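Chains as they are written, first to last, in my numbering: chain F, 1 to 404; chain Z, 1001 to 1258; chain E, 2001 to 2311. By construction, the Cβ of each residue, glycine as well, lies at the ideal position given by its N, Cα and C atoms. On a predicted model such as this, the values are computed, not experimentally measured, just so you know. Inspection log for the structure reproduced underneath, given as structure tokens.
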Amino acid sequence: MGSGRRRAPPDDDVGHIPERHTTMDFTLTDEQELLLSSLDELLERECPESYIAELDLHHESATSFRKALHEAGFMSLGFPEEYGGTPCDAVTLVLLAERVCRQGLNNGFGLELLQAMDILEFGSEAQKQEILGLLANGRVPFALGFTEPGAGSDNSAMTTSAVHHDGLVTFNGTKTLITAALQSKYLLVMAKNPDTEDPRKAISMYLVPMDAPGVTTNRLEKILWYTQDSCEIFLDDVTLPEEDCLVGVKGNGFKQLMRNFEMERLVIAATCLGQAQCAFDDAAAYAAQRVQFGQPIGNFQLTQLKLTDMAIKLENMRNFVYKTAWMLDRGLPLKSQGALCKRYCAMSGFEVADDALQIFGGVGVTVGARISRLWRDLRGHRFGGGTDEIMVHIAGRQIVKDHS
Amino acid sequence: MKIVVAYKWAPNPQDLEVRADGTVDASRGKPAVSEYDPVAFELARRLADETGGEVVGLTVGAAAIDTPLARKAALSRGLDRLVLVADDALVGADSTRLAAVLAAAVRAIGDVDLVLAGDSSVDVAEGQVPLTTAAELGWLGLGRVTAVSPATDGLVVERDTPAGVAVLTVRTPVVLAATADAVVPRVAGMKDILAAAKKPVEVLALAALDVPAPAVTLATLGTAKPSGGDRQAVLFDGADPAAAASQLVGALRSAGVL
Amino acid sequence: MNASNASQSWVVVADDPAVTGLVEVARAVADEVVAVVVGTRAVADTVAAAVDRVVWLGEPATAPVEAFAPQVAQLVADAAPSAVIGATTPAGRALLGAVAARTQAPVLGGVRTVQVADGRVVVTHAVMGGIAERTVAVEGGPAVLAVDAGAVPAGGAATPVAEVAGAPLDAATVTQVRPKERAGVDLGAAPVVVGVGRGLKAEADLGLIRGLAAAVHGEVACSRPLAEGVDWLPKESYIGISGQHVAPDLYVAVAISGQLQHMVGVRDAKVIVAVNNDKNAPVFGQCDFGIVGDLYQVVPALTAALGGSHD
């Protein structure tokens, strides 16, 4: 492999750098600008801080805002056109997710889109129509039922069984820490065929109605993500016709799940970016006007140090998210890029919120202060959607593999 | 029904800087569809959908109003197509001149049944242009419109008057200027934004339009920052509300207004 | 077109007898003031007390005022006055617009001063929504001015009213007028006005503002979002660039940021007081006195200090 430096092609004339040398364009397209300003209008009307604070206080879901998003067409971004969607690139999607979350709403946009896309990709016609109808009403179409008491990061250790017999499927098992199941009509269950040895081929994907006989739930109270409920779900001989509940191909559960996982990591990263930006803006504004010892605390170096390092992290997060989205759009292989991005954004996002909380001091931990909610909600992303440590597991192996 | 939405593409004067000599520096302002115009777009779209009609956007101004972003921003608001007159001869044009050009463009578009506009622009905010445009066209022009619906031979229009809400049957063609709260305009939808680039745009040359020459001209004798702005701004700290209140009341009594 | 009749100015009246503001400007420009009146006989008679001659276009019946605009414009053009003055109301501007189109003259609004110098009408007026002022001399035709209508003139020696057959555009018929649900308030006449803006969190909190207004014997007004956005107050209460312009002795701006779109409506107030919790709000650069603090504490404190109580 040659080690000499490649010579740059000669310039066409002295003093003029041809376009091919200036390919990094950080400007938004006109469409992105218009989408963002339309989203801004929608956020101002349908999702002000008072709305989010109320939801958080009462542990309710942002149904009316999601409905407004749907009416403005934002909920069908990236869907195939035959389902009323408009093709959309990853960069635009993360821009929108970032903006909604910058309003201060956790998991504000994107995840339910991607989940729906799983069904649109693999589901039957009946399943597709059902999911689209739910999205149109502002509802979360289904909750992801993967995690079990014995299977978190190690999800192939799951034991929930799906036994196929006479055109029916019977489920038995327990899922836990399932997000938004209590507000969803369906649960997207990952369950194993007990007769298949290889876990990679044993797991299939199923759409199970939350009100099916044999499904019971137990609400889990958390200290964060109040706008999404959490619960345990007990499946006790839940029996459904196979053609209704099986999604895609039996045994392909894992493969189907992996379809959009890079995009999901990216949306989570964008969520962290948006909320961290919100926390930073709140803290910087506070520092500029909170007077102690006769001057704004923003004049003190220790405050400025925090703010500076927070700004650096936000810039890094932003570049990371946009570059990763750009790679997805270009069809470039991500390898561990998604894992690196998710790890960095979740960890740095929380650090930014933590420093922001410190800047606020006592006032910040009062229930009415937005920063207290942002701090709690950002903490969850360090394990939600893949833990910080699993991201190391993914990326670390890849790095060593690449260098051997 | 052929409906023209006459709108303005201009920056918010809040974002502009006024130099000490009173001249305005427009370089920092970011132009956008004027704040109160979306109402007209919404009414036009609803009316066109009801009657199977067409919505044509129309705006006039300096050459700089014609950019890809400006075109898409308008086309993403429910227009079927867009017509522009962008000519630097219109820099600093007054309301009568703008109205004359708008009217000429409406004539050039041809067979227009209704011109809808907002009730005032974000930068000049006088509500004059739509009404002068009606006069230039020789049509009736009505302001403070709060509702418009199709009728057998024209429209039924509701508008705000000091006496109450007046209901009128109106024959087309007509110019209607709608109040900012006549309807809640939808936000520009994602599909419309992404489809905007493909919609037809026609640029009309100012020189080719039949626009009457201005008869009355204004000779500028001077410009200045607005007068009456030297207020002394004595501020009290509201951290102790009772003390601040008492100080303020004292000051107002001394000033003789209480 | 006739040579400009320098000693005559015309006032166009759109069915509203409040004309003192129009006449004041008309008199600053010319010796003789003629009013062309669209509206009822009663309006024509009331206006007659303030001007030298009235041309009345007859009872409008079911034709809207605007339908008479072309006829008004023709009459004005034929007379070729040195100035034409109308109200800044939509109906007034419809008449002025027709005059402007007929004479190809600009309509000048935001008028601060009007005078005659060297045979030309010289106008100082606000431009660009009020952020700057310009002084211009009008050449080549009448000065067409949109000004605040003013008040209803007091009765006086009745000038004869000449009726001309009305020739409105046959384009519209008023079929019904639904009276307003909420009683309007004459903010223009109030010596004290308390304005409230977006910083007010809930409609129920208006009670605090009303309490303050009562304690200071004033009327309640608001910035545009509260009248046209959330609809907490009637449209007549909205003070701003396209709403009311008031000049009370005292204007108290509560939870108003001070954007020019609102402040142009109160710039002629004698004393302006601002209450806002943002010390950087623009309103603090446009007031005589201010309190930087939370309105929910400051307003009750003010009300109490004034000897009132809030509901």
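Can you grab the Cα-Cα spacing for the pair residue 124 of chain F / residue 1041 of chain Z, in whole Å?
40 Å
Quick one, which residues of the segment 1001 to 1034 of chain Z are near chain F if we go by CB-CB under 7 Å, in chain order?
none
Same chain only: Cβ atoms within 6 Å of residue 2102 of chain E, ignoring 5 sequence neighbours per side:
2073, 2077
Between residue 53 of chain F and residue 29 of chain F, what straight-line distance do the alpha-carbon atoms span, to the nearest angstrom?
33 Å
In chain order, each alpha helix (DSSP H) run of at least 4 residues that lies wholly inside the segment 36 to 112 of chain F
49 to 58, 63 to 71, 90 to 102
Are any of the Cβ atoms in chain Z nearer than 9 Å to that of residue 31 of chain F?
yes
7 Å CB neighbourhood of residue 2027 of chain E in its chain, flanking five on each side removed:
2033
Helix, strand or coil: which one does DSSP assign to residue 159 of chain F?
coil
Spatial neighbours of residue 1248 of chain Z within its chain, please: C-beta separation below 7 Å, excluding the five flanking residues on both sides.
1236
Endpoints, the alpha helix (DSSP H) within which residue 2094 of chain E is located
2090 to 2103
Run of the alpha helix (DSSP H) containing residue 2299 of chain E, from where it starts to where it stops
2295 to 2305
Cβ pair residue 182 of chain F, residue 231 of chain F closer than 9 Å
yes
Considering only their Cβ atoms, is the gap separating residue 1145 of chain Z from residue 1158 of chain Z smaller than 9 Å?
yes
Range covered by the beta strand (DSSP E) that runs through residue 2287 of chain E:
Run containing residue 2287 of chain E: none; DSSP gives neither H nor E here.
Anything in the segment 2238 to 2264 of chain E with a Cβ closer than 8 Å to a Cβ of chain Z? List those residues in chain order, please.
2241, 2242, 2249, 2250, 2259, 2260, 2261
May I ask you to list the residues that DSSP assigns as paired with residue 190 of chain F?
F:205
Name the chain Z residues whose beta carbon is nearer than 7 Å to that of residue 41 of chain F?
1187
Check the Cβ of residue 86 of chain F against every Cβ in chain Z and list those closer than 7 Å, keeping chain order.
1190, 1191, 1194
Between the C-alpha atoms of residue 2228 of chain E and residue 251 of chain F, what's the straight-line distance to the nearest angstrom?
58 Å
Report the option in Z:1204, Z:1029, Z:1152 whose CA atom is closest to the CA atom of residue 1014 of chain Z.
Z:1029
Just to confirm the assignment, what range does the alpha helix (DSSP H) spanning residue 1039 of chain Z have?
1038 to 1051
Under the three-state reduction of DSSP, which class applies to residue 1182 of chain Z: helix, strand or coil?
coil
For residue 2287 of chain E, return the contacting residues in chain Z, with the cut-off set at a CB-CB distance below 7 Å.
1231, 1233
For a contact defined as C-beta to C-beta under 7 Å, what are the partners of residue 1069 of chain Z on chain F?
30, 33
For residue 1187 of chain Z and residue 1077 of chain Z, what's the separation of their Cα atoms in angstroms?
8 Å
Give a yes or no on whether 9 Å exceeds the smallest Cβ distance from residue 77 of chain F to chain Z.
yes
Is residue 1073 of chain Z close to chain F, meaning its C-beta is less than 9 Å from at least one C-beta of that chain?
yes
Comparing the C-beta of residue 145 of chain F with each C-beta of chain Z, is any distance below 9 Å?
no
Short of 7 Å Cβ to Cβ, which residues in the segment 1168 to 1183 of chain Z face chain E?
1168, 1169, 1170, 1171, 1174, 1180, 1181
Between the alpha carbons of residue 1094 of chain Z and residue 1217 of chain Z, how many angstroms are there, rounded?
10 Å
Just to confirm, are residue 2047 of chain E and residue 2017 of chain E a CB contact at a threshold of 9 Å?
yes
Nearest-angstrom Cα separation, counted from residue 2240 of chain E out to residue 1016 of chain Z
19 Å
Of all Cβ atoms in chain F, is any one closer than 9 Å to the Cβ of residue 1040 of chain Z?
no
For the segment 2201 to 2212 of chain E, which residues have a beta carbon sitting closer than 7 Å to at least one beta carbon of chain Z?
none
Three or more C-beta pairs closer than 8 Å, one from the segment 2145 to 2162 of chain E and one from the segment 2035 to 2050 of chain E: is that the case here?
yes
I'd like the list of long-range same chain contacts for residue 337 of chain F, defined as Cβ closer than 7 Å, with 5 residues on each side in sequence excluded.
324, 327
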